Amino acid sequence: MTDVPAHPTTHTVDCDILIIGGGFAGCGAAFEARYWGRDLKIVVAEKAAIERSGAVAQGLSAINCYMGMRWNENQPEDFVRYVRNDLMGLSREDLVYDIARHVDSTVHLFEEWGLPIFTDPKTGRYVREGRWQIMIHGESYKPLIAEATRKSASEIHERIMVTHLLRDAKDPKRIAGAVGVNVRDGSFYVFRARAVIVSAAGASHIFRPRSAGEGAGRTWYPPWASGSAYALLIQAGAEMTQMENRLVVTRFKDGYGPVGAWFLLLKAIATNAAGESYETSRLPELRERVGAYADAKPMPTCLRNHLMLQEILAGRGPILLHTERVLDTPEKESIGWEDFLNMTIGQAVTWASQGIEPKNVPSELILSEPYVMGSHAVCAGAWTSGPGDVAPEEYRWGYNRMTTIAGLFGAGDTVGGSAHKFSSGSYSEGRLAAKAAVAFLRDHPEAPTVAEADVDALREKVYAPAVHWARDGPGITAGTVHPEVLFPDQGLNRLEKIMDEYGGGVSANYSTSRNLLERGLGHLAALRSDLDFLGARDLHQLQRAWELDHRLWTAESVLRHTLFREETRWPGYYYRADFPHVDDERWKCFVNSIYDPASGEWKLFTRPYRPLF
Amino acid sequence: MPTYVRTDKCKGCMECVTICPSDIMHIDAAQGRAYNIEPAMCWECYACVKSCPEAAIEVRGYADFAPLHHSVQPTRTADKIEWKIRMRNGDLKEFVFPIRTTPWDSIRPPQESAPPNEEAVASELLSFEPDYLAVESLPTLPPKAGAP
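Chains as they are written, first to last, in my numbering: chain A, 107 to 719; chain B, 147 to 294.
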């Protein structure tokens, strides 16, 4: 029996600012919007419950972006140079600089609110994990931030799967709101907003994960990160950038526990199976492939991945992280376990189940499947306007973090070119977007026009998978095999297989080429047409159906961008085997795209890279 | 299967259904108790485990790579979290970590601070800046500045 209502109720919510996604970026947006817009109606729409939603749902053990300007530890320019190196030259340095100069104030707010930050009793300074990272007892990091959000927003609507953005009926380049479905009671939500901030998630489960059974849940980025950050914007016709810049992370094998604290704080080292360091001996080969980038300090994340992959392919794996050499005191053992218990509990479960005592034996490292996101060591996302005082002219068209659609802002995973934000930077970017959105509202007091016909068409579309199952589902005895119905999990398996085999996933050692990409796009087009036959037995599957739709938009964008960039800019993230080298002469520029919702056509083109200094 | 729910403890209170970020903790209609409807979409984030007032929810590591007979179980209170870990060989480990330095519900909302002036609105400053930057002023660069 389905729980999808036959005649869903429609709720219309009118507001000044709609924030889509209540993770760190969205929470920062709600707080800041309230500070500058005391009388505004600020509404948050969240797919789950903000107390434990987003990428920080289970907590964190470090804040990976903190300058420490008050102790003169780092200046924003230092951070720009670091990100420039790590991204192999390609980031929006105006956006990166903007995050860096504001992020300390965000962290100081968090500390005042009650976040326990490791402090050195002698110096009074935060304990550094690495140059940019500080250590926290972050089990309740998200509930803490959610408390501030609840006190800032006018309304928070939870369990709303936002499916589409609404554009102004009179001006398709102006935002007007969004629609979605409440996956608890099945009602339909129409948000009519004067400004919209998309702070939704990047994407896991675009590429097939290494663990394909129930272990598929243990993706590095959460399984609920379904690419809404990109799908919503692409369909609205917003310009996107760096969608080919997917992320592969080095992690503890299977449990995907993070390695940062081990390398940086505990000073553990990784070796091949014979106990040998391998990075230095592979430098000559690396220089031949990427030129001077091979000698950037610290070595770019993708290149470290690349060297590990080469070592494994040469038969000298597994790669081992020597935890047993550094856990020489009970305090260090506690730090090692807490690192996982605060942010990747599944790794502690993996150790307990496999009987691994990290103080006695080393652990295997592995390269993950690829992810599409914009807040870690990659920066896929929307092309947005930069800060007024530092952005080069061609990166600036009015309001900070506004996309190419008027009144539509981005923050966190949504914003492209702005890498290495992590939790604190994403929150800061939400704050930046919100302040700019309030300024936009002052300049644009008029309410946008929402066409009833558009809303009606979307309402019909949103419930189509449930209607399709109710109408066409009968006729088979039982089970999930039906000639006219595709279930969301079946479609997801197909998407992941296509992306893995044609788009440069783990089974292809992250390698792809023009021929493979073109075939992959063909398979994605067939999957797109099959989505007309999606079936949803209940509201849960209806959510999964729309998550699949969002992942498919994201995946198509990734393949198109990967096809357009004829070089291997980030070896270790992916390889264009037909163009295996870094090619600065042709490709030290951004690959951008615009999907035209009227014609259904994609346009790909380049935008220049402009260094900030 | 990542999370599972003990029949003798679950009262069907819905806390786990409310909190689960992945929408996979649901109530089984026949029993009136919670269960994990989609283990392959469970992140082992423990949001439901921590929220359960009956301590009815536990985790069995992913069958893809985790041998049976282990346990990682927390007890979370207002200011700390206690972890009990049972290794495969029966060894036990216990850890306690703080989670918050202030009382819950003590955060001052932004609208309780003095309203911003027009100069601040027009500037690049965010709320509570430059004070909370703990440096004199917000750094900036002239557009297309030369190398420092």
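C-beta atoms are modelled at their ideal positions from N, C-alpha and C, and glycine is treated no differently. Predicted, not measured: the structure shown is a model, and the values here were computed from it.
The alpha helix (DSSP H) runs of length 4 or more contained entirely in the region 505 to 544 of chain A do not exist; there are none. The region 224 to 236 of chain A and the region 258 to 271 of chain A do not touch, with fewer than three beta-carbon pairs separated by less than 8 Å. A Cβ-Cβ separation of about 5 Å places Ala486 of chain A in contact with Val478 of chain A under the 8 Å criterion. Ser529 of chain A counts as buried, since at least 16 other C-beta atoms from the protein chains shown sit within 10 angstroms of its C-beta.
The beta carbon of Gly207 of chain B falls within 8 Å of a beta carbon belonging to chain A, placing the residue at that interface. Looking at the DSSP output, His172 of chain B bridges to B:Tyr181. With 16 or more other Cβ atoms inside 10 Å of its own Cβ, Ile203 of chain B counts as buried. Ala576 of chain A and Lys279 of chain A do not touch by the CB rule: their CB atoms are close to 38 Å apart, not below 8 Å. In the displayed model, Phe297 of chain A falls within a strand according to three-state DSSP.
At a cut-off of 4 residues, the continuous stretches assigned as alpha helix (DSSP H) that sit fully inside the region 124 to 208 of chain A are 130 to 142, 182 to 192.
Distance from the CA atom of Trp177 of chain A to the CA atom of Ser269 of chain B, rounded to whole angstroms, is 25 Å. Under the 8 Å criterion on CB atoms, Thr223 of chain B is classed as non-interfacial with respect to chain A. Per the Cβ contact rule, the region 114 to 121 of chain A is in contact with the region 142 to 159 of chain A (3 or more Cβ pairs under 8 Å).
When secondary structure is reduced to three states using DSSP, Trp229 of chain B falls in the strand class. In the displayed model, Gly308 of chain A falls within coil according to three-state DSSP, outside both helix and strand. Between the region 416 to 433 of chain A and the region 373 to 380 of chain A, the count of C-beta pairs closer than 8 Å reaches three or more; the two stretches touch. At least one C-beta of chain B is nearer than 8 Å to the C-beta of Met175 of chain A. At a cut-off of 8 Å between beta carbons, Val151 of chain B makes no contact with chain A. For Val289 of chain A, no beta strand (DSSP E) run applies, since DSSP gives it neither H nor E.
Pro406 of chain A sits in coil when the DSSP states are folded into three classes, being neither helix nor strand. The shortest C-alpha to C-alpha distance from Glu240 of chain B to any of B:Ile227, B:Arg246, B:Val163 is the one to B:Ile227. Distance check between Gln239 of chain A and each of A:Thr225, A:Met173, A:Ile451 places A:Met173 closest, using alpha-carbon atoms only. The three-state reading of DSSP puts Asp434 of chain A in coil, since its state is none of H, G, I, E or B. With respect to chain B, the C-beta atom of Tyr477 of chain A has no partner C-beta closer than 8 Å. Gly461 of chain A belongs to the set of residues whose beta carbon lies under 8 Å from a beta carbon in chain B. Where Phe670 of chain A is concerned, the enclosing alpha helix (DSSP H) starts and stops at 645 to 670. Straight across, the Cα-Cα distance linking Val296 of chain A with Val287 of chain A is about 9 Å. Going by beta carbons, Leu215 of chain A and Tyr278 of chain B fall inside the 8 Å limit. From the listed residues A:Gln647, A:Leu338, A:Ala542, the smallest Cα separation to Thr586 of chain A is found for A:Gln647. According to the DSSP assignment, Trp708 of chain A belongs to the beta strand (DSSP E) that extends over 707 to 714. For Tyr203 of chain A, the nearest CB of chain B lies under 8 Å from its own CB, placing it at the interface with that chain. Our two residues, Met160 of chain B and Pro714 of chain A, have alpha carbons roughly 52 Å apart in a direct line. For a cut-off of 8 Å, the C-beta gap from Glu535 of chain A to Gly523 of chain A is around 12 Å, too long to register as a contact. For the region 597 to 618 of chain A, the beta-carbon criterion of a distance under 8 Å to any beta-carbon of chain B is satisfied by none of its residues.
For Lys239 of chain B, the uninterrupted beta strand (DSSP E) run begins and ends at 238 to 244, by DSSP.
Going by DSSP, His270 of chain A is part of the beta strand (DSSP E) stretching over 266 to 273.
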